[in-house]
Amino acid sequence: MEGPKVPHRKVGFLFNHDHVHQVAHSAPVAYELSRAFPEFDVTLIVSSQAQRDMLTQIATRFPGHRCTTLMLEPRRGSAWLNALLDRLAPVRKLWLLKDNVELFRGYDALVVPEKTSLMLRTRFGLEHLTMIHTRHGAGDRAVGFDGHSGGFDLVLLAGEKIRQRLEAGGRLGTTEYAVVGYPKFDAVGALDAQPRKLFDNDRPTVLYNPHCAPNLSSWYRMGLDIVEWFYRSNDYNLIVAPHVMLYRRRLQTTIAPFSLAWAPSIPQRYRECPHLLIDLGSAACTDMSYTIAADIYLGDVSSQICEFLVRPRPCLFANAHHVAWQNDPSYRAWQLGPVFEHVSELPLQLRRAIDQQERFQPLQEAYVRETFDLTETLSSHRAATAIAGFLARKSPRN
248 MEGPKVPHRK VGFLFNHDHV HQVAHSAPVA YELSRAFPEF DVTLIVSSQA QRDMLTQIAT
308 RFPGHRCTTL MLEPRRGSAW LNALLDRLAP VRKLWLLKDN VELFRGYDAL VVPEKTSLML
368 RTRFGLEHLT MIHTRHGAGD RAVGFDGHSG GFDLVLLAGE KIRQRLEAGG RLGTTEYAVV
428 GYPKFDAVGA LDAQPRKLFD NDRPTVLYNP HCAPNLSSWY RMGLDIVEWF YRSNDYNLIV
488 APHVMLYRRR LQTTIAPFSL AWAPSIPQRY RECPHLLIDL GSAACTDMSY TIAADIYLGD
548 VSSQICEFLV RPRPCLFANA HHVAWQNDPS YRAWQLGPVF EHVSELPLQL RRAIDQQERF
608 QPLQEAYVRE TFDLTETLSS HRAATAIAGF LARKSPRN
């Protein structure tokens with residue numbers, strides 16, 4: 248005798264950003280949910296061809312998935328406003344939410360890697376849409392633990408570090424959560440990947456990975472001076488791979504606190520130098536190619552430090568804003584290598600990072616264990632199981 252039929256649920260995975268760097272954080276969960284739990288109809292909802300292309304690439308790691316893909320489009324009246332205003336501010340993703348409210352209304356749950364989509368609830372009338380947050384990145388910046396983090400029905404967490412800080416801030420009071428590991432590692436095969444040789448020499452390679460936020464990044468105050476030092480160096484290679492949004496708009500702003508900065512032009516001599524690699528936004532900036540290939544990490548507040556340290560190596564940090572960081576959880580990673588405030592200190596602190604790696608390595612290993620709860624089970628499967636269990640406990644929408 249057949250058991251009761253399980254009602255199908257429609258689950259949308261929304262990718263609505265100017266770039267592709269968030270795709271790998273939730274796409275593996277979508278693919279795994281579709282192939283492990285046939286009671287869910289899973290749709291990948293994209294807002295650009297670049298996102299679709301990256302999804303196609305990631306899908307090769309999940310044979311047998313049943314996901315379908317849908318491209319969001321703005322209404323005709325919104326398109327020209329998008330083209331005009333999006334050069335100044337990220338308005339396109341807001342218009343896409345507003346223009347597709349009826350589409351989103353048709354889903355039992357929407358899974359997103361960012362927080363802007365909460366506006367579907369707070370501004371666009373979908374108060375009862377179940378929303379699930381995969382987060383993106385596992386870094387320490389304060390914005391990752393703000394009040395919006397508690398605005399979802401379910402939040403998927405990479406590890407204990409994230410859980411403890413969200414709980415300490417009171418962000419999980421009415422929000423369910425599950426610690427699932429880091430699905431991005433499944434998307435790019437990071438845990439067993441071998442580094443690629445990027446330079447035709449045997450020098451150690453430094454990855455310089457500044458953030459885009461003007462109030463936090465080292466790029467605007469000292470970035471070109473750092474690149475100039477490496478340009479003149481006979482000892483190191485340098486990969487310059489800032490946050491992919493840094494040059495997406497040359498004028499960068501943050502709202503809280505308000506800050507504004509202009510991303511400077513990069514001299515052609517740097518682009519032509521054989522021991523420098525300048526990459527302002529290719530797929531290699533988001534698929535861990537550089538964090539795997541580099542020998543040393545140089546950054547400020549980017550969450551890519553967490554991905555780099557899965558294989559512990561020397562790292563150092565540029566404190567361009569002279570922050571009192573020592574007891575601030577938003578700068579916790581800065582305990583894992585030397586910190587410098589002036590480019591004149593760079594040679595000494597770089598040497599110190601290398602020479603004292605034996606001292607820093609236990610701290611790095613502990614940091615990674617707290618950041619990523621990794622097991623023999625794929626993180627994407629653990630995340631899919633958490634979503635399936637959560638939705639099974641909820642009544643189907645009417």
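Everything in the sequence shown is counted per my numbering, starting at 248 for the first residue and increasing by one. Idealized CB from N, CA, C, for every residue including glycine.
Within the region 489-540, the complete alpha helix (DSSP H) runs of at least 4 residues fall at 515-519, 536-540. Shown here, residue 306 sits in a helix according to DSSP, grouped into three states.
Residue 381 sits close to residue 630, with the two beta carbons spaced by under 8 Å. In chain order, 501 place their CB closer than 6 Å to the CB of residue 460, counting only its own chain and leaving out the 5 sequence neighbours on each side. Under the three-state reduction of DSSP, residue 472 is assigned to helix.
Shown here for residue 516: same chain residues with a beta carbon closer than 8 Å to its own, the five before and five after excluded, namely 478 in chain order. In the three-state reduction of the DSSP assignment, residue 359 falls in the strand class.
Around the beta carbon of residue 509, fewer than 16 other beta carbons lie within 10 angstroms, which makes this residue exposed. Assignment of residue 259 by DSSP, reduced to helix, strand and coil, places it in the strand class.
Partner residues in the beta bridge of residue 403, as assigned by DSSP, are 425. Taking residue 264 as the centre and dropping the five residues before and after it, the same chain places the C-beta of 340, 361 closer than 7 Å to its C-beta, in chain order.
In chain order, 465, 468, 469 place their CB closer than 6 Å to the CB of residue 567, counting only its own chain and leaving out the 5 sequence neighbours on each side. Using a Cβ-Cβ distance cut-off of 8 Å, the region 485-493 and the region 413-425 are not in contact, since fewer than three pairs of beta carbons, one from each stretch, lie closer than that value.
With at least 16 other beta carbons inside 10 angstroms of its own, residue 301 counts as buried. Spatial neighbours of residue 561 in its own chain (CB-CB distance under 7 Å, excluding positions within 5 residues in sequence) are listed in chain order as 543, 584, 600, 601, 604.
Assigned with DSSP and collapsed to three states, residue 338 falls in coil, not helix or strand. In this structure, the alpha-carbon of residue 618 lies about 5 Å from that of residue 406.
For residue 628, the enclosing alpha helix (DSSP H) begins and ends at 626-639. Straight-line spacing of the CA atoms in residue 590 and residue 625 works out to 41 Å. In chain order, 401, 403, 425, 427 place their CB closer than 8 Å to the CB of residue 633, counting only its own chain and leaving out the 5 sequence neighbours on each side.
In this structure, DSSP gives residue 390 a helical state, which the three-state scheme calls helix.
As a beta-bridge residue in DSSP terms, residue 587 pairs with 565.
Counting along the chain, residue 367 sits inside the alpha helix (DSSP H) bounded by residues 366-369.
Between residue 312 and the set 299, 374, 276, 454, the nearest pair of CA atoms involves 276. Among the bridge pairs identified by DSSP, residue 578 is matched with none.
Between residue 593 and residue 454, the C-beta gap is not smaller than 8 Å, which leaves the two residues out of contact.
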